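K.L.:
From first to last, the protein sequence lines stand for chains F and C. So for the first sequence, numbering that gives the first Met the number 0 puts the first residue at 0; every next one is plus one. So for the second sequence, numbering that gives the first Met the number 0 puts the first residue at 0; every next one is plus one. There's a structure below that I have some questions on.
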Amino acid sequence: MSLRAIPAAAVATAALALAACGGNDEPRQTVTVLAAASLTEAFGELAEAFEGSRPDADVRLAFAGSAALRTQVLEGAPADLFASASPDEVAALAAAGLVVEQRALARNALVVVVAEDASARIGDFAGLAEPGLRLVLTAEDVPAGRYARESLALAGTEFTARVLANVRSNEANVRATLAKVELGEADAAIVYASDLAAANGVRAVTIPARFQVAAEYRIALLGENAGARAFLAFATSPEGSAILARHGLEPVAVAP
Amino acid sequence: MTALRARAPHLGLGLLIAVFALFFLLPFAGLLERGLGDGGAWDAITSDTALDALVLSLWTSALSLVIAVVAGTPVAYWLTHARFPGKGAVEALIDLPIVLPPTIAGVALLTAFGRRGLLGTPLDEWFGVTLGFSTVAVIMAQLFVGAPFYVRAARAGFASVDGQYERVAHTLGASRLRAFGRIVLPLSWPSLAAGAALCWARALGELGATLIFAGNLQGETQTMPLAILSAFERADGLTAAVALAILLLAVALVALAAFWLLSSRNGATP
């Protein structure tokens, strides 16, 4: 191919791509979903099942801390759906007029994870206040970190102060927090119960019911897009709920 | 005709240059527009978080630079003159962190110095020393990604010095160290200063390796890039992130200007 032919070929390819998007015969719909880091595996499977049932759909997934995703959407990141680990982030987008529709998606409990070699040091929730424990939390501004601090607060201000004195790092998302314990860098962390399914080499210590704070996941439709609407319906359908449940989440299976 | 061509670039080329320049200028313009147009920026710059991060960034990156220069100068000098089998491999190894994505550098540091790392395990078990989540880890991350830039530039600088000058100095009775200080150092000064500037800038901007190897805690391991990333995640965080970015940019510009001034002043006269 001569050098001169390349631009023509590029234009032709672009035109074909446009035709494929706009054509009536086989419309290929791309659905961009931004989701909380804790939904990584669950949404991976959700997207796969969705694409399986709708061969014309193409789901693109991006995972990060809900707070970072919220800022990205506010700054104009092109996304069709936003699944947040807390209603606050969705509310911020709704306040900016970016949400077409939102639904409750699932709930998630908190759990303490302990590194294998630190198992002897911490036996229960109270052990988090043990002096010298290397604790890692998710940053206060990210849902997982907010919930963890709310849970600590339920156990009293003095206990909270002692636990926070053990914090060695405030990670950007809950999976980074979990990784620090998996690597043995940290002794313990507070993460979501659903994260256990994706965890290696850690032991779980349950948080007593009276100190539990349930994370509320919400999913928001950010624009009118048939494919995105279908994905929203699928995520909150019985089939979608079953997938979420398999990954340790408690789906809110009722319709809006 | 040719002279005319050189002065007035082709229209297409001119357009390309303009687009390329805009690509680099617009992000800075955007930062300034956001930062100066928002009343919250000043609060963000004068917050505890920002000051702690700035102080930590400045002294850790300065210390990283000092270590890089003190350790890197002899290594670079030796590498320039030594001949041994496998020299190419050693040089490539020293250059490796330059092309390594910082996140990989962070993981690599963990596997070596982390609590379950090659050296980290004995350090923890025998001496109870753990490097992760400490300011030492921050400096190690900065040194790992920054020092190769200095060593590389220093090698190029030393290699450009004509060996005859040194030999003459020796025959005139100057010691090796004296010859190095009076001949080699002044002649290779511009390269050294440029390498030092790159090394320091790289250390100041270090994010990925620090995040993975050292963690993120205010006053302890939260350097400016980490503080900016953390601010980005707050509800009203973009203003703070932009403000901190402008602050870091200003500090970096001042320091780089000082480096260039230093290199041009002393470089001229051997």
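Even for Gly, the Cβ is constructed at its ideal location relative to N, Cα and C. No experiment lies behind these values; they were computed from the predicted model shown.
Hey, C/P100 and C/G207: beta-carbon distance below 9 Å or not?
P.N.:
Going by C-beta atoms, C/P100 is nearer than 9 Å to C/G207.
K.L.:
Quick one: which chain C residues come within Cβ less than 9 Å of F/R133?
P.N.:
Residues of chain C passing the Cβ test: R114, T129, G131, F132.
K.L.:
Along chain F, which residues have their Cβ under 9 Å away from the Cβ of C/S229?
P.N.:
Under the 9 Å cutoff, chain F gives A138, D140, N169, A171.
K.L.:
If we count the other Cβ atoms within 10 Å of its Cβ and call it buried at 16 or more, is F/D194 buried or exposed?
P.N.:
F/D194 comes out buried.
K.L.:
Determine the burial state of C/A28: buried for a count of at least 16 other Cβ atoms within 10 Å of its Cβ, exposed for fewer.
P.N.:
By the 10 Å Cβ count, C/A28 comes out exposed.
K.L.:
Kindly list the residues whose CB is nearer than 6 Å to the CB of C/A240, restricted to its own chain and excluding five residues on each side of it in sequence; keep chain order.
P.N.:
Hits under 6 Å: I227, A230, F231.
K.L.:
Between the C-alpha atoms of F/Y191 and C/A213, what's the straight-line distance to the nearest angstrom?
P.N.:
Straight-line Cα distance between these residues: approximately 23 Å.
K.L.:
Return the chain-ordered list of same chain residues with a C-beta closer than 6 Å to the C-beta of F/P142, the five sequence neighbours on each side being excluded.
P.N.:
Here the set comprises S65, A84, S85.
K.L.:
Which same chain residues end up closer than 6 Å to C/L130 when comparing Cβ atoms and leaving out the 5 residues on each side of it in sequence?
P.N.:
The residues are F112, A136.
K.L.:
State the CB to CB distance for the pair C/G225 and C/N215, rounded to an integer number of angstroms; the pair is presumed to be in contact (CB under 8 Å).
P.N.:
Note that residue 225 of chain C is Leu in the sequence shown, not Gly. Indeed, because the Cβ distance is near 5 Å, the residues count as touching under 8 Å.
K.L.:
Along the beta strand (DSSP E) that carries F/V135, what are the first and last residues, could you check?
P.N.:
Start and end: 134-137.
K.L.:
Given that C/T220 touches chain F, what residues does it touch there, using C-beta distances under 9 Å?
P.N.:
Those are R167, S168, listed as they occur along chain F.
K.L.:
Report the CB separation of F/A188 from F/L136 in whole angstroms; it is logged as a contact under 8 Å.
P.N.:
Their Cβ separation, rounded to whole angstroms, is 7 Å, which keeps F/A188 and F/L136 in contact under 8 Å.
K.L.:
With burial defined as no fewer than 16 other Cβ atoms inside 10 Å of the residue's Cβ, what is the status of F/H246: buried or exposed?
P.N.:
With 16 or more other Cβ atoms within 10 Å, it is buried.
K.L.:
With DSSP run on the structure shown, which of helix, strand or coil describes C/D47?
P.N.:
Here C/D47 sits in helix by DSSP.
K.L.:
Where does F/Q71 fall in DSSP's three states?
P.N.:
Correct three-state label for F/Q71: helix.
K.L.:
Can you find a C-beta in chain C that's less than 9 Å from the C-beta of F/G21?
P.N.:
Its pLDDT being 42, under 50, F/G21 is placed unreliably by the model, and nothing is read from it.
K.L.:
Can you tell me which of C/R201, C/A173, C/A140, C/L261 puts its alpha carbon nearest to the alpha carbon of C/A107?
P.N.:
Selected option, being the one with the closest Cα: C/A140.
K.L.:
I'd like the list of long-range same chain contacts for C/L191, defined as Cβ closer than 6 Å, with 5 residues on each side in sequence excluded.
P.N.:
The answer, listed in chain order, is A153, G156.
K.L.:
Give me whichever residues DSSP pairs with F/I123 in a beta bridge.
P.N.:
As written in the sequence, residue 123 of chain F is Asp, which differs from the Ile given in the question. F/D123 is not bridged to any residue.
K.L.:
Which residues, in order along the segment 140-161 of chain C, keep a beta-carbon less than 8 Å from a beta-carbon of chain F?
P.N.:
Flagged: no residues at all.
K.L.:
Distance check for C/R114 and F/R27, CA to CA, integer angstroms please.
P.N.:
Approximately 49 Å, taken between the alpha carbons.
K.L.:
At a CB-CB cut-off below 9 Å, which residues of chain C make contact with F/L38?
P.N.:
None at all; the shortest Cβ gap to chain C is about 17 Å.
K.L.:
Mind pulling the alpha helix (DSSP H) runs of 4 or more residues that sit fully within the segment 193-243 of chain C?
P.N.:
Counting only runs of 4 or more, we get 207-212, 223-231.
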